[in-house]
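Numbering (this note's numbering), first residue to last: 3 to 94.
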């Protein structure tokens with residue numbers, strides 16, 4: 003099914019879609035992907051810090067700092083991307 007097929011179906015009064023359920027499904031999938039990615043990222047940072055010879059509390063502190071730094075970077079990227087999305091959706 004391509005975009006034109008979907009567009010034609012949306013103009014069909016017999017075609018029904020539960021937008022709320024669709025959005026919840028997409029949101030649930032995004033959340034699950036986010037949880038998986040966070041776990042993978044934390045494990046990778048821990049492995050990198052272990053390779054540097056850190057153990058115990060030093061390792062935990064280094065991992066938390068690295069993840070906070072990445073979250074700050076990702077937040078900035080998100081702001082930029084959301085601004086671009088809004089600008090792209092503008093009807094001007």
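Just so you know, even glycine gets a beta-carbon here, dropped at the ideal spot from N, CA and C.
Endpoints, the alpha helix (DSSP H) within which residue i is located
i          : result
residue 58 : 58–91
residue 6  : 5–12
residue 21 : 21–53
Separation of residue j from residue i, as counted between CA atoms
i          : j          : result
residue 85 : residue 7  : 30 Å
residue 19 : residue 9  : 13 Å
residue 31 : residue 37 : 10 Å
residue 27 : residue 33 : 10 Å
residue 71 : residue 41 : 16 Å
residue 91 : residue 46 : 36 Å
residue 74 : residue 81 : 11 Å
residue 11 : residue 55 : 59 Å
Cβ separation of residue i and residue j, assumed to be a contact under 8 Å, to the nearest whole Å
i          : j          : result
residue 50 : residue 69 : Rounded, the Cβ-Cβ distance is 12 Å, inconsistent with contact.
residue 52 : residue 61 : 7 Å
Exposure label - residue i; buried when at least 16 CB within 10 Å
i          : result
residue 65 : buried
residue 88 : exposed
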